[in-house]
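According to the working numbering, the sequence shown is numbered sequentially starting from 165.
Where is the CB? At the ideal position from N, CA and C, for every residue including glycine.
Note that this is a predicted model, so its numbers are computed, not measured.
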Amino acid sequence: MPEGQFKPGTPRVTEESRKSNSETNRNHNHNPDHDCDRARERVLDDLPPSAKLVYKVLEYEGEQSLQQLAAESRLPKRTIRYAIAEHLKETGVVDDRSSLEDARRSLFFLTDPESDTAPKTEGSEHVA
165 MPEGQFKPGT
175 PRVTEESRKS
185 NSETNRNHNH
195 NPDHDCDRAR
205 ERVLDDLPPS
215 AKLVYKVLEY
225 EGEQSLQQLA
235 AESRLPKRTI
245 RYAIAEHLKE
255 TGVVDDRSSL
265 EDARRSLFFL
275 TDPESDTAPK
285 TEGSEHVA
């Protein structure tokens, strides 16, 4: 069979069919629960790389102290403090609370996009 020809009965995928399929999927797969995720992604897109890394560490590891964030991210503590104070807390995606074991330490956590409250973790309570 010469190159560029299709067997009879084989569906052809054209650029137009790809575009229409992706538009159809986008319209049918709209889920309002994902609107918060999309809004959070747009906020994160504007952040510097260090703030994004701190966010991702918190996303994967959960609540962390400054020392734990420094160990996981390999960023200097000063950079982490700046990323949290100037970027992540400003945009409302991260908050902190005092550690119950050592009140001198802060624990940082991702806020709940729907209610902006601390996540419930076993054996800890949110201190206001």
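| Item | Value |
| --- | --- |
| Local conformation of residue 238 per DSSP, three classes | coil |
| CA nearest to the CA of residue 236, picked from 250, 243, 225, 202 | 225 |
| Local conformation of residue 258 per DSSP, three classes | strand |
| Residue closest to residue 125, alpha-carbon to alpha-carbon, out of 199, 246, 252, 240 | The shown model of the chain, from 165 to 292, leaves out residue 125, and the question about it has no answer. |
| First and last residue of the uninterrupted alpha helix (DSSP H) at residue 222 | 213 to 225 |
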